[in-house]
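Presented below is the structure to which this report refers.
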Amino acid sequence: MWGEETTSELSLYPVVPPTGGISVTDTGLPIMVSLANTAVTFSCRINHQDMPEFKDFTVSLFHEDLHGKRSLKKPIYCQHSPGAENHTLDCVVKLSLPNASATGTYYCLVQEPISVQGSGTFILVRDRAYQPPSFKLQEDLLFGFTGLLCILSVLGTALLLWKKVRTKWTHNTSS
1 MWGEETTSEL SLYPVVPPTG GISVTDTGLP IMVSLANTAV TFSCRINHQD MPEFKDFTVS
61 LFHEDLHGKR SLKKPIYCQH SPGAENHTLD CVVKLSLPNA SATGTYYCLV QEPISVQGSG
121 TFILVRDRAY QPPSFKLQED LLFGFTGLLC ILSVLGTALL LWKKVRTKWT HNTSS
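Anchor point for the sequence shown: position 170 equals 170 in UniProt numbering, and the numbering is continuous, going up by one each time.
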């Protein structure tokens, strides 16, 4: 659903942005997963009108973690896309995120004369790859309960045999 909005934004406003003369659109996947210290790449597209106030603007990247804390802005390089009057910039961001604390939403931000940001790309950072669960505890419990049932079964059988022998003995002595 999020990707559909991005597609419709691009098709409805290919050159001229809908409001304020400038727009930022995330062009990649809205959610990504990466291992720590492994490169992850995402991109955003900036459309702007051919107006003097949009000649000098900066494009930055910032990160908002799971607790809502924002990082400092970091400038990113964008290059012009071929097309109508060259009013489109494509920004490709390549990051190597250090650990799971880098999980959060990464935003492209355009500044001057106004600030406009994209909808962001959420990146889940895992410290290590999937590890299958250890079955050691389950094995210990299985062997423990199986052993307990075996012992109870032997004791139950012994009790029944003892009771049978005892009833025969008491029956023989009473006659």
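Don't be surprised by glycine CBs; every beta carbon is placed ideally from N, CA and C.
Model, not experiment: these values are computed from the prediction.
Do you know offhand how far residue i's Cα is from residue j's?
i: residue 92; j: residue 74; result: 13 Å
i: residue 25; j: residue 35; result: 25 Å
i: residue 33; j: residue 61; result: 18 Å
i: residue 151; j: residue 169; result: 27 Å
i: residue 97; j: residue 120; result: 16 Å
i: residue 51; j: residue 94; result: 30 Å
i: residue 23; j: residue 45; result: 8 Å
i: residue 78; j: residue 87; result: 12 Å
i: residue 99; j: residue 132; result: 20 Å
i: residue 148; j: residue 38; result: 49 Å
i: residue 153; j: residue 101; result: 53 Å
i: residue 158; j: residue 141; result: 26 Å
i: residue 130; j: residue 118; result: 31 Å
i: residue 173; j: residue 161; result: 18 Å
i: residue 137; j: residue 127; result: 24 Å
i: residue 112; j: residue 56; result: 7 Å
i: residue 135; j: residue 163; result: 41 Å
i: residue 70; j: residue 125; result: 17 Å
If we count the other Cβ atoms within 10 Å of its Cβ and call it buried at 16 or more, is residue i buried or exposed?
i: residue 47; result: buried
i: residue 42; result: buried
i: residue 114; result: exposed
i: residue 31; result: exposed
i: residue 156; result: exposed
i: residue 104; result: buried
i: residue 165; result: exposed
i: residue 144; result: exposed
i: residue 27; result: buried
Considering only their Cβ atoms, is the gap separating residue j from residue i smaller than 9 Å?
i: residue 80; j: residue 65; result: no
i: residue 116; j: residue 58; result: no
i: residue 107; j: residue 67; result: no
Alpha helix (DSSP H) runs wholly inside the region 77-113, at least 4 long, in chain order: none
Just list the beta strand (DSSP E) runs in the region 111-157, keeping only unbroken ones of 3 residues or longer that don't cross its boundaries, in chain order. 121-126
So within the region 22-56, which uninterrupted beta strand (DSSP E) runs reach at least 3 residues, ignoring any that extend past its ends? 22-26, 31-35 and 39-48
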